[in-house]
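FYI, the UniProt record's numbering numbers position 216 of the sequence shown as 223, with every residue one higher than the one before it.
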Amino acid sequence: VYILGIESSCDETSVAVLRGNKMLSNVICTQEVHANYGGVVPELASRAHMKNIVPVVDEALKKAGINKEELSAIAFTRGPGLMGALLVGVSFAKSLALGLDIPLIEVNHMEAHILAHFIEMEGRSIPECPFICLTVSGGHTQIVKVNSPLSFEILGETLDDAAGEAFDKGAKLMGLPYPGGPHIDKQAREGNPLKYEFTKPSVPGYNYSFSGLKTALLYFLEDGMKQNPNFIQEHINDICASYQHVIVDYLLDKVKAVLKAENINRLAIAGGVSANSYLRNALKSLAEENGMELYIPEFQFCTDNGAMIAMAGYFKYQNKIFSNQAVTPKNRMALQK
Ligand code: ATP
Ligand code: MG
Ligand code: FE
């Protein structure tokens, strides 16, 4: 079985081919235009997807070494995401499936981030269900109980900003380029995470709130600049390390509580922020202390990619869960129960 996966929900045009659960290709074209604006500009994202989609599909097929006539099904991101961006991938997927007369499979982007863990890779084990997944991305922060690859339960989520936004907005305040997550990660490696203290937001249950943290950072930076106009430049490593520390520590608090309450010792992380080295190390220590099974995605599966869409599509293919030509994108979309 060959599944083509198309991802176009935000600022990555990405297409992959899987044979069963083995990856044959995963072409990721990250749109550079947005860096100039300090955030994703929806209209520019749609235009870039239109320009990229045909060459990226061609390259994914070529790298996989197959012709499009050999494909078994087309999987695509239906949502959540930017409407105009999704529309490009959805329309392309529909046309291709119609032209080839093969099944069309809609995929939820947030489920796909999690299901990337099921792509078979040498030296990597696949989590057994049920397990807990902390999904931390540019638009979402969720603690999900994965009952099966087709059944998900959100146990907690952010009430406002996502963890990725806390990174990106914080980075912007410090004058770092967009997207700021990787820049904070890099600067923080040379800094002291306990130098400055930021208070963790308090929200009931397993939910999160991140919007207060960036405000706290803003006031902290303003205060520092009053004393010394070069405060940020001189202390950037310690500020990044301390700000990153509070985000990661806060993420872990709730995850630990969920693992305990659910009595599950398998934890996975997913989404762009799962590339963060401080988060990865903190989780590795936690896993060692508690004898927990930890699943950390390869870097290529952290941020948006077509392979995770094809993988999610493969599970639906096996269960014959198909869409028809009437399908439309959804900018908000719940996980399947
Ligand atoms: P969603 O999946 O919620 O629709 P998205 O697709 O835009 O949102 P992803 O592509 O999964 O999000 O992740 C992008 C986010 O990951 C950005 O906020 C980026 O700053 C963050 N990120 C990437 N690498 C790192 C890192 N090393 N440390 C912290 N954050 C990171
Ligand atoms: Mg992105
Ligand atoms: Fe994403």
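Just so you know, even glycine gets a beta-carbon here, dropped at the ideal spot from N, CA and C. The model shown is predicted, which means the values in this text are computed figures rather than measured ones.
task: Could you say which of Tyr213, Asn297, Glu296, Gln240 lies nearest to alanine 264 if we only look at CA atoms?
output: The sequence position of residue 264 within the sequence shown is 257, counting from 1. Looking at the Cα atoms, Tyr213 is the closest of the given residues.
message: Taking 8 Å as the threshold (C-beta atoms), are leucine 93 and alanine 104 in contact?
response: Start at 1 with the first residue of the sequence shown, and residue 104 comes out as number 97. Start at 1 with the first residue of the sequence shown, and residue 93 comes out as number 86. It is not a contact, given that the beta carbons lie outside the stated cut-off.
field: Length at least 3, wholly inside the stretch 24-83: the beta strand (DSSP E) runs in chain order
entry: 29-37
query: Can you list, in chain order, the residues of its chain whose CB lies under 6 Å from that of alanine 71, leaving out five sequence neighbours each side?
result: As a working note, residue 71 is residue 64 in the sequence shown. Excluding positions up to five away in sequence, the list reads Val24, Leu31, Ser32.
message: Using a 10 Å radius around the Cβ and a threshold of 16 neighbouring Cβ atoms, would you call glutamate 296 buried or exposed?
response: Reading the sequence shown from its first residue, position 289 is the one you call residue 296. Answer is exposed; the Cβ neighbour count stays below 16.
- request: Kindly list the residues whose CB is nearer than 8 Å to the CB of isoleucine 109, restricted to its own chain and excluding five residues on each side of it in sequence; keep chain order.
  value: One-based indexing of the sequence shown puts residue 109 at position 102. Correct list, in chain order: Leu78, Ser79, Ala80, Ile81.
message: In the DSSP assignment, the alpha helix (DSSP H) including phenylalanine 227 goes from what residue to what residue?
response: Taking the first residue of the sequence shown as position 1, residue 227 is located at position 220. Residues 218-234.
- request: Could you tell me which residues DSSP pairs with tyrosine 9 in its beta bridges?
  value: Here residue 9 refers to the residue found at position 2 of the sequence shown. Arg26, per the DSSP bridge assignment.
message: Please tell me whether, using a cut-off of 7 Å, the distance from the CB of cysteine 309 to the nearest non-hydrogen atom of ligand 2 is below it.
response: Here residue 309 corresponds to residue number 302 of the sequence shown, with the count starting at 1. Checking every heavy atom of ligand 2 against the Cβ of cysteine 309, none is found closer than 7 Å.
- prompt: With respect to 7 Å, is the separation between the Cβ of phenylalanine 99 and the closest non-hydrogen atom of ligand 1 below this value?
  reply: For the purposes of this step, residue 99 is identified with residue 92 of the sequence shown, where counting begins at 1. No - ligand 1 has no heavy atom lying nearer than 7 Å to the Cβ of phenylalanine 99.
- request: Within 10 angstroms of the Cβ of arginine 339, are there 16 or more other Cβ atoms? Answer buried if so, exposed if not.
  value: Here residue 339 corresponds to residue number 332 of the sequence shown, with the count starting at 1. Result: exposed.
field: For alanine 223, the nearest candidate out of Leu259, Asp256, Cys36, Gly177 (CA to CA)
entry: The residue given as residue 223 occupies position 216 in the sequence shown. Alanine 223 has its Cα closest to that of Gly177, out of Leu259, Asp256, Cys36, Gly177.
- request: From the DSSP output, in three-state form, read off alanine 169 for me.
  value: Along the sequence shown, one-based indexing puts residue 169 at 162. Of the three classes helix, strand and coil, the one that applies to alanine 169 here is coil, per DSSP.
task: Return the bridge partner residues of tyrosine 203 from the DSSP annotation.
output: Locating residue 203 in the sequence shown gives position 196, where the first residue counts as 1. For tyrosine 203, which the question treats as bridged, DSSP gives no partner whatsoever.
- request: Would you check if the stretch 273-280 and the stretch 291-307 touch, i.e. whether three or more CB-CB distances between them fall below 8 Å?
  value: yes
message: Report the start-end ranges of each beta strand (DSSP E) in the stretch 124-152 that is 3 residues or longer and not cut off at the edges.
response: 138-143
message: My parser needs the alpha helix (DSSP H) runs of 4 or more residues fully inside the stretch 281-323; what are they?
response: 284-297
- request: Rounded to whole angstroms, what's the CA-CA distance from methionine 318 to tyrosine 257? Just pull it up for me.
  value: As a position in the sequence shown, residue 318 is number 311, starting the count at 1. As a position in the sequence shown, residue 257 is number 250, starting the count at 1. Roughly 30 Å separates the two Cα atoms.
message: So histidine 116 and proline 156 are supposed to be a Cβ contact under 8 Å. How far apart are they, rounded?
response: The residue you call residue 116 lines up with position 109 of the sequence shown. The residue you call residue 156 lines up with position 149 of the sequence shown. With a Cβ gap of about 15 Å, histidine 116 and proline 156 do not count as contacting.
message: Quick test of the definition: if touching needs 3 or more C-beta pairs under 8 Å, does the stretch 275-291 touch the stretch 112-131?
response: yes
task: Answer yes if the stretch 233-251 comes into contact with the stretch 183-201, meaning at least three C-beta pairs across the two stretches below 8 Å, and no otherwise.
output: yes
task: Can you grab the Cα-Cα spacing for the pair glutamate 14 / isoleucine 239, in whole Å?
output: Taking the first residue of the sequence shown as position 1, residue 14 is located at position 7. Taking the first residue of the sequence shown as position 1, residue 239 is located at position 232. Approximately 37 Å between the Cα atoms of the pair.
query: Say the cut is 7 Å; is the CB of glycine 88 nearer than that to a heavy atom of ligand 1?
result: Position 81 of the sequence shown, counted from the start, is the residue given in the question as residue 88. Yes; taking the cut-off as 7 Å, the Cβ of glycine 88 has a heavy atom of ligand 1 nearer than that.
task: May I ask you to list the residues that DSSP assigns as paired with leucine 274?
output: In the sequence shown, the residue the question calls residue 274 occupies position 267. Leucine 274 pairs with Ile139, Leu301.
field: Check: glycine 279 C-beta below 7 Å from any heavy atom of ligand 3
entry: Working through the sequence shown from its first residue, we reach residue 279 at position 272. Yes - ligand 3 has a heavy atom lying nearer than 7 Å to the Cβ of glycine 279.
message: Per the DSSP calculation, asparagine 115 is bridged to which residue(s)?
response: Here the question's residue 115 lines up with position 108 in the sequence shown. Answer is Gly86, bridged to asparagine 115.
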